[in-house]
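S.K.: Would you mind keeping the following structure in view while I ask a few things?
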Amino acid sequence: GNNFPYNMAGSGDEVKLLGAWPSPYVLRVKIALELKGKSPFAKSAIILQYIDEVWAELASLLPPDPYDRAIARFWAGYIDDKWFPITREIIKAKTEKEKAEAVEQSFAGLTLLEEAYEKSYKEKPFFGGDNVGYLDIVLGSFLGWVKAIEKISDIKLIDGRKRSSSLAIVKELIPEVDKLVEFAKVLQAIWNANTSIN
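Note that the numbering used here gives residue 174 to position 166 of the sequence shown, counting from 1, and the numbers run on in steps of one.
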């Protein structure tokens, strides 16, 4: 893993975020701390909520309404537990049929997310409304990996000009796509080796 030291504005304290550079979960914590004007430091969704509470004097990452907070947490769980794992299957697929099924399921998941966005925030630029919020960070933390999957698989999943990807903070923090592609190829070799052993 890597150690990412950050100095906390106004406190004199240093927080260290431990993690690996290709991890979207580490990236989301970095994004949240950058947005809070602080610098980063288990489970990344819980850390985002902690960051939001500790630096409450700044723009909130979670909506103020309890129902809206629950909805944001629900969709964050959906992205982490359902959508990204099936999207990752695109590069884990052994056959074109498996790949096509994973692409179809990934698009279906993105359609659900887009419908949720349209229902709740259609007049706003972000899931968080006028400002980047919790769900924008969760989805945005996977953008580097999505671009790598797109490049490896020669498909287009997400319009890179929409929402989180247009933020300077996200662009600065996302690992280089070519590095992620090389890392993904190493993972593919491991996955293929594990499959042939079983």
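The beta-carbon is built from N, C-alpha and C at its ideal position, and this holds for glycine as well.
Please confirm whether Arg149 and Arg77 have their CB atoms less than 8 Å apart.
M.R.: Locating residue 149 in the sequence shown gives position 141, where the first residue counts as 1. Locating residue 77 in the sequence shown gives position 69, where the first residue counts as 1. Before going further, note that residue 149 is Ser rather than Arg in the sequence given. No; because the gap between Cβ atoms is not below 8 Å, this pair is not in contact.
S.K.: Assuming contact is defined by CB atoms lying nearer than 8 Å, are Ile98 and Ile157 in contact in what I supplied?
M.R.: Start at 1 with the first residue of the sequence shown, and residue 98 comes out as number 90. Start at 1 with the first residue of the sequence shown, and residue 157 comes out as number 149. Yes, the Cβ-Cβ distance between Ile98 and Ile157 is below 8 Å.
S.K.: Which term fits Ala17, buried or exposed, when burial requires 16 or more other beta carbons within 10 angstroms of its beta carbon?
M.R.: The residue you call residue 17 lines up with position 9 of the sequence shown. Bear in mind that a pLDDT of 44 at Ala17, under 50, signals an unreliable position, so the model cannot answer this.
S.K.: Roughly how far, in whole angstroms, is the beta-carbon of Trp91 from the beta-carbon of Gly117, given that I think they are within contact range, below 8 Å?
M.R.: In the sequence shown, the residue the question calls residue 91 occupies position 83. In the sequence shown, the residue the question calls residue 117 occupies position 109. The pair is a contact, with the Cβ atoms about 4 Å apart (cut-off 8 Å).
S.K.: Rounded to a whole number of angstroms, what is the C-alpha to C-alpha distance between Ile87 and Tyr125?
M.R.: If you number the sequence shown from 1, residue 87 lands on position 79. If you number the sequence shown from 1, residue 125 lands on position 117. Their backbone Cα atoms lie some 13 Å apart in a straight line.
S.K.: Mapping the DSSP letters down to three states, classify Leu121 as helix, strand or coil.
M.R.: In the sequence shown, the residue the question calls residue 121 occupies position 113. Here Leu121 sits in helix by DSSP.
S.K.: Quick check: is any heavy atom of the ligand MG less than 7 Å from the C-beta of Tyr86?
M.R.: Among the components modelled here there is no ligand, and therefore nothing to report on the ligand MG.
S.K.: Just how far apart, CA to CA, sit Lys179 and Val34?
M.R.: For the purposes of this step, residue 179 is taken as the residue at position 171 of the sequence shown. For the purposes of this step, residue 34 is taken as the residue at position 26 of the sequence shown. If I take the Cα positions, the gap works out to 15 Å.
S.K.: Pull up the distance between the alpha-carbon of Leu41 and that of Lys105, whole angstroms please.
M.R.: Position 33 of the sequence shown holds residue 41. Position 97 of the sequence shown holds residue 105. For Leu41 and Lys105, the distance between alpha carbons rounds to 41 Å.
S.K.: By the DSSP assignment, the alpha helix (DSSP H) with Thr95 in it spans what residues?
M.R.: On the sequence shown, position 87 is the one that residue 95 refers to. For Thr95, the enclosing alpha helix (DSSP H) covers residues 92 to 100.
S.K.: Among all the DSSP beta bridges, which residues are the ones paired with Gly137?
M.R.: Here residue 137 refers to the residue found at position 129 when the sequence shown is read from its first residue. DSSP output for Gly137 lists Phe134 as bridge partner(s).
S.K.: Are the beta-carbon atoms of Leu56 and Leu69 separated by less than 8 Å?
M.R.: Position 48 of the sequence shown holds residue 56. Position 61 of the sequence shown holds residue 69. Against a cut-off of 8 Å, the Cβ pair of Leu69 and Leu56 comes out as a contact.
S.K.: Identify whether Asp88 lies in helix, strand or coil by the three-state DSSP scheme.
M.R.: In the sequence shown, the residue the question calls residue 88 occupies position 80. Three-state DSSP puts Asp88 in a helix.
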